[in-house]
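J.:
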Amino acid sequence: MDQEQFKVFSDRIVGTTAAYFVGEPTLLKKLLAATLSDGHILFEDNPGLGKTLLAKVFSKVTGCNWGRIQFTPDLMPADIIGTRVWKGTEFAIEKGPIFTNVLLADEINRSPPKTQSALLEAMEEKQVTIEGTTYKLNRPFFVIATENPIELEGTFPLPEAQLDRFLLKMSTGYVKSLELESEILRRRLKWTLDDPTEKVEPAVSQNDFLEMQNHVESSVYVDDQILQYISQIVRATREHSAVEVGSSPRGGLSLLKVAKAHAAIEGRDFVTPDDVKTFTREALCHRIIMRMEYEIEGTVTAADVVNSVVSKIEPPKDFMKK
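At position 139 of the sequence shown (counting the first as 1) the number is 388 in my numbering, and the numbers step up by one without a gap.
As structure tokens, this is what we get:
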């Protein structure tokens, strides 16, 4: 796949998704960049902002299968990955809903850590182990998880190891204008079904999407100056006075991956500093642990730390484009 074909496909995916989901084009490009990087996304949002709709539309637009798990306090790991069941004459493996391409983990913080950890192997190694036997997951595979930031009763904070597995932590947010708010209602009047995703047609095939992932991995150039820029940002988060634990090296890898994907989506075969800066907050904030006094007072947030770090580091200007 060449860059021109990639651009056609990426524009088609974003455009078709936007026909069903009313939101900022930047959000859709970031979602596409994360999935093209073979990464997972955590949405922290208030209820009713279209997270489930976006996940369903995006999975169908990319030609992928999708599954949904509603996380609850009584959900067990076997309910996610599967288990052995008696079939009358012998035991057989009953695979869980994780065996899909796009998994929506709805309200992931409603289940205890033991259940949340059932996703760790799948998210990192794209495989699961059931009764001692390892099963590879289908490609592509990525998790779109959601959590509600305003209702904390009956929830379990995600362990740091789990948070670190998410490539990006994002927010759909409320639409920014009255016109867009009205557009949501206009589109509902046009739909004859409560679930408009039933009519969504793929913009690309699943094989096309896999080729797009391969293109990002193999055909986008990253100059050494850009690598140093990413490294400076990540290391600076560890040295900030308000931070207890800074970003892990995986944060730098996440920045590198999504920067490459974003460059390709924008029609380039090389990464610029702006590609990196586009994702600094989404890639790093959830990997930063603030000092207790700042956490309690809320005077300095992880987003403040990232913004401060990025503003103080001079981006490279003489990097090679190819």
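Quick reminder that beta carbons are idealized off the backbone N, C-alpha and C, glycines included.
By how many angstroms is the C-alpha of Glu409 removed from the C-alpha of Phe458?
T.: The straight-line gap from Cα to Cα measures roughly 30 Å.
J.: Please state whether DSSP places Met419 in a helix, a strand or coil.
T.: Strand, per DSSP.
J.: If you draw a straight line from the alpha carbon of Leu280 to that of Trp440, how long is it in whole angstroms?
T.: Taking the straight line from one Cα to the other gives about 25 Å.
J.: Hey, how far is the Cα of Arg530 from the Cα of Gly501?
T.: If I take the Cα positions, the gap works out to 12 Å.
J.: Less than 8 Å between the CB atoms is what I'm expecting for Arg416 and Ala283, so what's the real figure, rounded?
T.: One point to set straight first is that residue 416 is Leu, not Arg, in the sequence displayed. Contact flag correct, Cβ pair sits at about 5 Å.
J.: Would you say Ser420 and Gly288 are within 8 Å of each other, going by their C-beta atoms?
T.: Their beta carbons are not under 8 Å apart, which means Ser420 does not touch Gly288 by this criterion.
J.: In terms of residues, what are the limits of the alpha helix (DSSP H) holding Glu430?
T.: 427 to 439 is the span of the alpha helix (DSSP H), which, as asked, contains Glu430.
J.: Note down, one range per segment and in chain order, each beta strand (DSSP E) of at least 3 residues found wholly within the stretch 484 to 513.
T.: Whole beta strand (DSSP E) segments, 3+ residues: 492 to 494.
J.: Between the C-alpha atoms of Thr527 and Thr382, what's the straight-line distance to the nearest angstrom?
T.: Their Cα atoms are separated by approximately 41 Å.
J.: Please state whether DSSP places Ala283 in a helix, a strand or coil.
T.: In this structure, Ala283 counts as helix in the three-state DSSP scheme.
J.: What are the boundary residues of the beta strand (DSSP E) that includes Lys385?
T.: Note, Lys385: beta strand (DSSP E), 382 to 385.
J.: In the stretch 322 to 392, which residue ranges form an unbroken beta strand (DSSP E) of at least 3 residues, counting only runs that do not cross its ends?
T.: For the stretch 322 to 392, whole beta strand (DSSP E) runs of length 3 or above, ordered along the chain, are 331 to 335, 340 to 344, 351 to 355, 376 to 379, 382 to 385.
J.: Taking C-beta to C-beta, are Ser454 and Asp518 nearer than 8 Å?
T.: Not a contact, by the Cβ cut-off of 8 Å.
J.: Specify the secondary structure class of Leu298 as computed by DSSP and reduced to three states.
T.: Of the three classes helix, strand and coil, the one that applies to Leu298 here is coil, per DSSP.
J.: Would you list the residues sitting across from Ala394 in a DSSP beta bridge?
T.: According to DSSP, Ala394 bridges with Leu291, Ala354.
J.: Three Cβ pairs or more, each shorter than 8 Å: is that satisfied between the stretch 305 to 324 and the stretch 355 to 363?
T.: These segments touch.
J.: Which partner residues of Tyr470 appear in the DSSP bridge assignment?
T.: DSSP output for Tyr470 lists Phe519 as bridge partner(s).
J.: Taking C-beta to C-beta, are Val271 and Ile330 nearer than 8 Å?
T.: No, they are not a contact pair.
J.: DSSP on Arg261, reduced to helix/strand/coil?
T.: Residue state, collapsed to three classes: helix.
J.: Quick one: grab the DSSP three-state call for Ile475.
T.: Correct three-state label for Ile475: helix.
J.: What is the DSSP secondary structure of Met541, counted as helix, strand or coil?
T.: Reduced to three states, the DSSP call for Met541 is helix.
J.: Taking the straight line between their C-alpha atoms, what separation do you get for Asp523 and Lys570?
T.: Cα to Cα, Asp523 sits roughly 13 Å from Lys570.
J.: Let me check understanding here. Comparing Cα to Cα, which of Thr395, Ser480, Ser557 lies closest to Asp294?
T.: Considering only alpha carbons, the answer is Thr395.
J.: Would you please state the rounded distance, in angstroms, between the beta carbons of Met541 and Ala491? I believe it to be under 8 Å.
T.: No, Met541 and Ala491 are not in contact; Cβ-Cβ is about 11 Å, not under 8 Å.
J.: Hey, could you find the ends of the alpha helix (DSSP H) Arg530 is sitting in?
T.: From DSSP, the alpha helix (DSSP H) with Arg530 extends over 529 to 533.
J.: Is it buried or exposed, Arg414, if we count other Cβ atoms within 10 angstroms and call 16 or more buried?
T.: Arg414 should be labelled buried.
J.: Between which two residues does the beta strand (DSSP E) containing Arg414 stretch?
T.: Unbroken run through Arg414: none, as it is neither H nor E.
J.: What does a CB cutoff of less than 6 Å around Glu430 pick up in its chain, not counting 5 residues either side in sequence?
T.: Within the same chain, Glu430 has close Cβ partners Val424.
J.: Taking only three categories from DSSP, how would you classify Ile318?
T.: Ile318: strand per DSSP, three-state reduction.
J.: Flag this pair as touching only if the stretch 332 to 344 and the stretch 292 to 307 have three or more C-beta atom pairs under 8 Å; answer yes or no.
T.: Verdict: no, contact absent.
J.: Relative to the C-alpha of Cys313, which candidate in Val392, Leu476, Asp553, Ser497 has its C-alpha closest?
T.: Looking at the Cα atoms, Val392 is the closest of the given residues.
J.: Among the candidates Ile537, Ile475, Asn387, whose CA atom is the shortest distance from the CA of Glu493?
T.: Ranking the options by Cα distance to Glu493, first place goes to Ile537.
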